[in-house]
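Participant: Below you will find the structure I want to go over with you.
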Amino acid sequence: MSTNTPRLLFFLFTILLLSNPPPSSAQQAVKSLSSFNITNSPWRPDQNQILLSPNSVFAAGFKPTSQNQKLYTFSVWYHNVSINKIVWSTNDKSPVNGSAALVITTTGVLRLNDFSGKNVGPWNVSGNASITNLTLSNDGNLTYSTWQSFTYPTDTILPNQNITGTQIVSMNGKYSFSNSTYLVYSKENYWDMGKAFQLLDKDGKMSQETGSFVTSDFGAPRLRRLKLDNDGNLIIYSFSPDLGEWILVWKAVEEICKIYGTCGPNAICVNDGSNSTPHCVCPPGYKQNSGGAIEGCTIKIPLTNLGNTKFLQLDYVNYTSGSNQTEQIVANNFTDCQAHCLNNSKCLGFGFKYDGKGYCAIQLGRLVYGYWSPGTEVSMFLRVDKSETEQSNFSGMTKLLDTTCPVNISLPLPPEESNTTTRNIVIVCTLFAAELITGVFFFWGFLKKYIKYREMAQTLSLELLPAGGPKRFSYAELKAATNDFSNLIGRGGFGDVYKGELTDHRVVAVKCLKHVTGGDAEFWAEVTIIARMHHLNLVRLWGFCAEKGKRILVYEFVPNGSLDKYIFQKGKVKYSESESEMDMVPVGPNPVLDWNIRYRIALGVARSIAYLHEECLEWVLHCDIKPENILLGDDFCPKISDFGLAKMKKKEDIVSLSRIRGTRGYMAPEWVGQDPITSKADVYSFGMVLLEIVTGTRNFEMQGSVMESEDWYLPRWAFDKVFKELKVEDILDCRIKHSYDSRAHFNLVDRMVKTAMWCLQDRPEMRPSMGKVAKMLEGTVEITEPRKPTIFFLGAE
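Spelled out as structure tokens, the structure:
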């Protein structure tokens with residue numbers, strides 16, 4: 034061997050050591066303890082060890098804080114999960130540095146000592162130093178002797194942890210969940226469950242004092258936790274192994290802006306209803322503080338002279354203002370509510386509801402916890418100085434109540450009295466002569482026109498036209514307004530509908546009727562009856578045309594189109610082989626209507642049909658109620674069209690039609706029999722439409738059933754799901770099924786489904802009147818459980 038060989042080996046060994054240095058303390062493997070006892074004491078943050086639960090789901094130990102990596106809390110967290118969420122901490126408010134230690138003394142006392150030796154731990158318990166251990170259970174409960182972390186939660190509750198009577202506080206210290214019932218901010222409750230929470234299990238079921246509720250992924254045993262987030266919302270999270278992340282499966286407050294303290298004083302919290310972060314804006318007449326609107330707003334012109342103030346209307350805005358700051362009274366009308374505010378020097382504004390019940394909330398001393406939401410029925414009237422020029426940009430449907438247009442008329446002053454008698458006589462005589470000549474001229478013109486129109490009226494049998502009736506248009510006017518009937522917007526059983534614009538710039542819907550029976554006098558009589566019908570939820574008839582063999586009606590134009598474009602799913606429906614749920618990808622530009630809007634549409638339609646049946650001077654049957662005949666205005670206010678085009682008789686008569694005028698799928702069973710057709714036929718049609726509003730599908734489209742298509746009947750399927758299987762979620766529109774909250778929407782959906790079942794009874798006498806239907810939807814009458822609907826008088830299975 035050469036003498037250079039040892040040197041070469043030494044050189045290679047040196048290179049190997051430099052390229053693979055010994056592991057540092059930070060790189061050493063984490064040491065796992067099954068328990069901590071006096072033999073392991075003391076335990077310092079730099080020892081890189083954890084206390085592990087037997088199932089390896091939870092770990093406990095020193096955890097660096099998010100603000101400073103050199104400060105530690107002794108915490109419990111999820112182990113080997115992609116996002117190691119902390120579920121309990123012993124010293125959040127007093128983090129310790131690296132010189133701290135967890136110690137079991139010789140007398141068995143468990144202490145968490147800071148650098149000075151002061152105990153900052155929450156425990157005040159001692160045990161037998163030789164046998165008592167600090168352990169971590171499979172449920173995440175840290176125990177030592179008689180002490181356990183489940184008794185002293187921080188901001189998180191775990192499955193199988195007793196919640197009764199406990200309190201958790203958000204990590205930022207702003208919010209608390211007290212007595213397992215209330216969410217509290219600054220000693221004021223902003224959410225009340227009503228029934229105290231007791232226990233959350235791993236399947237996603239939350240037990241309460243009476244009853245329980247389940248999360249959206251109920252049934253799959255997973256890692257779960259109930260947490261009070263820093264934004265003040267109480268949320269149940271579930272860990273998805275497929276996604277590798279925590280997902281939200283239940284939350285207490287649907288609208289984040291309703292949580293107190295989201296925005297500062299005077300500011301308004303605005304959120305689009307999604308999970309996006311809300312933003313704070315200042316109301317008109319106010320400016321942002323130095324920290325922005327989230328820190329609050331200040332009035333631009335202070336209210337020094339309370340007699341020189343005015344009110345700005347903020348629709349859909351509500352200030353709750355907390356306890357002792359809101360004085361709620363019953364006002365006879367809006368003026369009465371406004372007067373109460375003007376007479377109180379502390380009043381900064383008032384909330385008013387246009388519901389006829391006299392709701393009036395006077396805001397005193399401060400304006401806090403303000404939020405904007407279409408779900409609120411309150412309009413806020415903000416008090417500002419009269420010199421304030423800024424206008425409100427919060428507007429909604431209440432603007433439609435301004436039905437009158439104020440007009441200022443000024444008359445010239447009379448001329449000064451003249452002393453010249455001759456001049457006065459000449460003026461009087463001249464005016465008299467001019468009036469006489471003018472009168473003769475107009476009388477001659479009137480005779481010519483009278484003769485012309487008398488001959489036309491005799492030809493058309495319209496000699497007597499009642500005053501105040503609808504306007505009569507010429508065919509040429511409507512042809513020009515519709516650009517020669519080129520803009521077709523709809524087809525129906527009574528004719529085609531075109532969009533047009535009149536000479537006064539009003540946008541109208543022009544319906545060209547077809548297959549209209551009867552003469553001109555009968556047509557005019559029916560048009561007059563239709564024009565007399567005035568209701569918020571009826572399409573307004575503005576005029577008609579009857580010439581050249583044409584029968585045309587001119588209606589107001591309803592911009593959002595018919596209801597079927599919004600509630601029926603346009604996409605491919607895919608059913609699972611193991612479940613009855615379906616997946617659907619909707620197509621089209623129309624937005625999906627939420628539960629509150631669907632309820633308001635159903636209630637508006639019910640009220641309008643009740644008006645046709647019970648409140649008109651003439652009893653009117655619609656005979657063709659379906660989603661295509663329900664139009665939606667700018668604010669999704671429903672309006673019924675095509676009413677009054679069927680044969681009409683007076684209230685005391687029983688209506689009997691010899692010809693079916695309805696649409697298949699919405700016709701009552703009596704249409705195919707010999708029974709007379711009464712108002713209960715419209716009740717049946719409305720019940721089918723109401724069920725379609727809830728399910729979001731046509732009544733003839735089968736829903737995940739093994740039943741033969743010829744035996745399919747939507748009401749029977751929905752009845753079995755709701756009243757036999759108790760699975761109301763299975764019939765809900767899948768596009769908004771995720772937003773269904775059993776607490777917020779159960780009563781609303783329950784009333785809609787039960788009312789629909791009563792309307793769909795096979796015998797007419799078993800169905801309620803439309804007036805009662807409206808009250809059932811309003812919740813003013815009790816709804817008993819209905820009998821199972823059958824089709825064409827077949828008995829129930």
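So for the sequence shown, our numbering puts the first residue at 34; every next one is plus one. Glycine included, each C-beta is placed from N, C-alpha and C at the ideal position.
#1: Report all residues from its chain with a CB closer than 7 angstroms to the CB of Asp627; omit the five preceding and five following residues, and keep chain order.
#2: To the nearest angstrom, how far is the alpha carbon of Asn357 from that of Ser378?
#3: To which residues of the same chain is Tyr404 closer than 7 angstroms at the C-beta, ignoring the five residues directly before and after it?
#4: For Leu497, which residues of its own chain have a beta-carbon under 6 angstroms away from its beta-carbon, when the five flanking residues on both sides are left out?
#5: At which residues does the beta strand (DSSP E) containing Tyr402 begin and terminate?
#6: If distances are taken between C-alpha atoms only, which option among Val142, Glu410, Gly582, His373 comes closest to Tyr387?
#7: Would you mind working out which of Tyr111, Asn593, Ser213 sits nearest Trp224, comparing C-alpha positions?
#8: Within its chain, find whatever has a CB closer than 7 angstroms to the CB of Gly329; leave out the 5 residues flanking it on each side and keep chain order.
#9: If you follow the beta strand (DSSP E) that Cys302 is in, where does it begin and where does it stop?
#10: Distance, Cα to Cα, Phe230 vs Asp774?
#11: May I ask you to report which of helix, strand or coil DSSP gives Phe719?
#12: Take Glu798 as the anchor and find which of Leu232, Val716, Thr197 has the nearest alpha-carbon.
#13: From Phe43 to Ile83, what does the alpha carbon distance come to, in whole angstroms?
#14: Figure out for me which residue from Ser354, Pro702, Asn161, Ala466 has the closest Cα to the Cα of Asn222.
#15: What is the residue span of the alpha helix (DSSP H) that Ala786 lies within?
#16: Taking the C-alpha atoms as reference points, what is the distance between Asn124 and Glu758?
#17: Hey, could you find the ends of the alpha helix (DSSP H) Cys578 is sitting in?
#18: For Ala92 and Gln100, what's the separation of their Cα atoms in angstroms?
#19: With a cut-off of 8 angstroms on the beta carbons, I'd call Phe183 and Leu267 a contact; round off their distance for me.
#20: Rounded to the nearest angstrom, what separates Ala643 and Asp667 at their Cα positions?
#21: Give me the Cα-Cα distance between Arg584 and Phe577, rounded to the nearest whole angstrom.
#22: List the endpoints of the continuous alpha helix (DSSP H) containing Trp748.
#23: Taking the DSSP output, what are the residues bridged to Met413?
#24: Assess contact between the stretch 230-241 and the stretch 251-271, defined as three or more Cβ pairs (one per stretch) separated by less than 8 angstroms. Is contact present?
#25: Would you mind listing the alpha helix (DSSP H) stretches within the stretch 497-538 that are 4+ residues and don't spill past its ends, in chain order?
#26: Let's test the definition: count the other Cβ atoms within 10 Å of the Cβ of Leu906 and tell me whether it reaches 16, buried, or not, exposed.
#27: Would you mind giving the Cβ-Cβ distance between Leu654 and Ser712, rounded to the nearest angstrom? I have them listed as a contact below 8 angstroms.
#28: Please state whether DSSP places Asn322 in a helix, a strand or coil.
#29: Quick check on the DSSP output: the beta strand (DSSP E) that includes Ser641 runs from which residue to which?
#30: For Met790, which of Phe756, Asp708, Leu345, Thr243 has the nearest alpha-carbon?
#31: Between the beta-carbon of Asn593 and the beta-carbon of Leu665, is there less than 9 angstroms?
#32: Between the Cα of Val835 and those of Arg565, Arg573, Gly525, Glu555, spot the shortest distance and give me the residue it belongs to.
#33: Helix, strand or coil for Asn263? Go by DSSP, reduced to three states.
#34: Specify the secondary structure class of Ala809 as computed by DSSP and reduced to three states.
#35: Please return the same chain residues whose Cβ sits closer than 7 angstroms to the Cβ of Leu191, not counting the five positions on each side in sequence.
#36: Please decide whether Val761 counts as near chain C, where near means a Cβ-Cβ distance under 9 angstroms.
Facilitator: According to the structure shown:
#1: Position 594 of the sequence shown holds residue 627. Excluding residues up to 5 positions away in sequence, Ile769, Ser772 lie with their Cβ nearer than 7 angstroms to the Cβ of Asp627 in the same chain.
#2: Counted from its first residue, the sequence shown places residue 357 at position 324. Counted from its first residue, the sequence shown places residue 378 at position 345. Computed Cα separation, rounded: 16 angstroms.
#3: Working through the sequence shown from its first residue, we reach residue 404 at position 371. Within the same chain, and ignoring the five residues on either side of Tyr404 in sequence, the residues whose Cβ sits closer than 7 angstroms to its Cβ are Cys290, Lys291, Ile301, Cys302, Asn351.
#4: In the sequence shown, residue 497 corresponds to position 464, counting from 1. Reliability fails at Leu497, whose pLDDT of 42 lies under 50, so the model's placement of it is uncertain and the value that follows must be treated cautiously. Leaving aside the five residues that flank Leu497 on each side, none in its chain has a CB nearer than 6 angstroms to its CB.
#5: Within the sequence shown, the letter at position 369 stands for residue 402. Per DSSP, Tyr402 belongs to no beta strand (DSSP E) and is neither H nor E.
#6: Working through the sequence shown from its first residue, we reach residue 387 at position 354. The residue with the shortest Cα to Cα distance from Tyr387 is Glu410.
#7: Within the sequence shown, residue 224 is the residue found at index 191, counting from 1. Nearest C-alpha to Trp224 among Tyr111, Asn593, Ser213: Ser213.
#8: Within the sequence shown, numbered from 1, the residue matching residue 329 stands at position 296. Scanning its chain for C-beta atoms nearer than 7 angstroms, with the 5 sequence neighbours on each side dropped, one finds around Gly329 the residues Gly297, Pro298, Asn299, Ala300, Asn322, in chain order.
#9: Against the sequence shown, residue 302 aligns to sequence position 269. Where Cys302 is concerned, the enclosing beta strand (DSSP E) stretches over 301-303.
#10: In the sequence shown, counting from the first residue as 1, residue 230 sits at position 197. In the sequence shown, counting from the first residue as 1, residue 774 sits at position 741. Phe230 and Asp774: Cα-Cα distance of roughly 17 angstroms.
#11: Along the sequence shown, one-based indexing puts residue 719 at 686. Of the three classes helix, strand and coil, the one that applies to Phe719 here is helix, per DSSP.
#12: By one-based count along the sequence shown, residue 798 stands at place 765. If we check each option's Cα against that of Glu798, Val716 comes out closest.
#13: To locate residue 43, count along the sequence shown from 1; it is residue 10. To locate residue 83, count along the sequence shown from 1; it is residue 50. Residue placement at Phe43 cannot be trusted, given a pLDDT of 48 that sits under 50; what the coordinates show is reported in the next sentence. Cα to Cα, Phe43 sits roughly 41 angstroms from Ile83.
#14: Taking the sequence shown and counting its residues from 1, the one referred to as residue 222 is at position 189. Minimum Cα distance to Asn222 is reached at Ser354.
#15: Here residue 786 refers to the residue found at position 753 when the sequence shown is read from its first residue. The sequence shown places Val at residue 786, not Ala. Where Val786 is concerned, the enclosing alpha helix (DSSP H) starts and stops at 775-792.
#16: Numbered from 1 along the sequence shown, position 91 holds the residue referred to as residue 124. Numbered from 1 along the sequence shown, position 725 holds the residue referred to as residue 758. Those two C-alpha atoms are separated by around 49 angstroms.
#17: Position 545 of the sequence shown, counted from the first residue, corresponds to residue 578. Note, Cys578: premise wrong, no alpha helix (DSSP H); beta strand (DSSP E) at 574-580.
#18: Taking the sequence shown and counting its residues from 1, the one referred to as residue 92 is at position 59. Taking the sequence shown and counting its residues from 1, the one referred to as residue 100 is at position 67. About 21 angstroms.
#19: As a position in the sequence shown, residue 183 is number 150, starting the count at 1. As a position in the sequence shown, residue 267 is number 234, starting the count at 1. Distance from Phe183 to Leu267 at the Cβ level is roughly 18 angstroms; contact not present, criterion being Cβ atoms closer than 8 angstroms.
#20: Counting from 1 along the sequence shown, the entry for residue 643 is found at position 610. Counting from 1 along the sequence shown, the entry for residue 667 is found at position 634. Distance between the alpha carbons of Ala643 and Asp667: 23 angstroms.
#21: As a working note, residue 584 is residue 551 in the sequence shown. As a working note, residue 577 is residue 544 in the sequence shown. Each residue's alpha carbon lies about 8 angstroms from the other.
#22: Position 715 of the sequence shown holds residue 748. Before going on, a small fix: residue 748 reads as Pro here, not Trp. Looking at the DSSP string, the run of the alpha helix (DSSP H) that includes Pro748 is 747-752.
#23: For the purposes of this step, residue 413 is taken as residue 380 along the sequence shown, with counting starting at 1. When DSSP reads this structure, Met413 sits in a beta bridge with Leu347, Gly384.
#24: With a cut-off of 8 angstroms on Cβ pairs, the stretch 230-241 is in contact with the stretch 251-271, counting three or more such pairs.
#25: The qualifying runs are 508-514.
#26: Within the shown structure, residues of the chain are numbered from 34 to 830, placing residue 906 beyond reach of any answer.
#27: If you number the sequence shown from 1, residue 654 lands on position 621. If you number the sequence shown from 1, residue 712 lands on position 679. Contact check for Leu654 and Ser712: beta-carbon distance about 6 angstroms, within the 8 angstroms limit, so the pair qualifies.
#28: Translated into the one-based positions of the sequence shown, residue 322 becomes position 289. Here Asn322 sits in strand by DSSP.
#29: The sequence position of residue 641 within the sequence shown is 608, counting from 1. Where Ser641 is concerned, there is no enclosing beta strand (DSSP E), although the alpha helix (DSSP H) it sits in stretches over 628-643.
#30: Stepping through the sequence shown from its first residue, residue 790 is reached at position 757. Nearest option by C-alpha distance: Phe756.
#31: Here residue 593 is taken as the residue at index 560 of the sequence shown, counted from 1. Here residue 665 is taken as the residue at index 632 of the sequence shown, counted from 1. Here Asn593 is near Leu665, since their CB atoms are less than 9 angstroms apart.
#32: Because the chain is modelled from 34 through 830, residue 835 falls outside the range shown and cannot be assessed.
#33: In the sequence shown, residue 263 corresponds to position 230, counting from 1. Three-state DSSP puts Asn263 in coil, outside helix and strand.
#34: Taking the first residue of the sequence shown as position 1, residue 809 is located at position 776. Rather than Ala, the amino acid found at residue 809 in this sequence is Met. Judged by DSSP in its simplified three-state form, Met809 adopts helix.
#35: Counted from its first residue, the sequence shown places residue 191 at position 158. Only Val120, Asp172, Gly173, Arg258 meet the Cβ criterion.
#36: Looking for chain C here will not work: only one protein chain is present.
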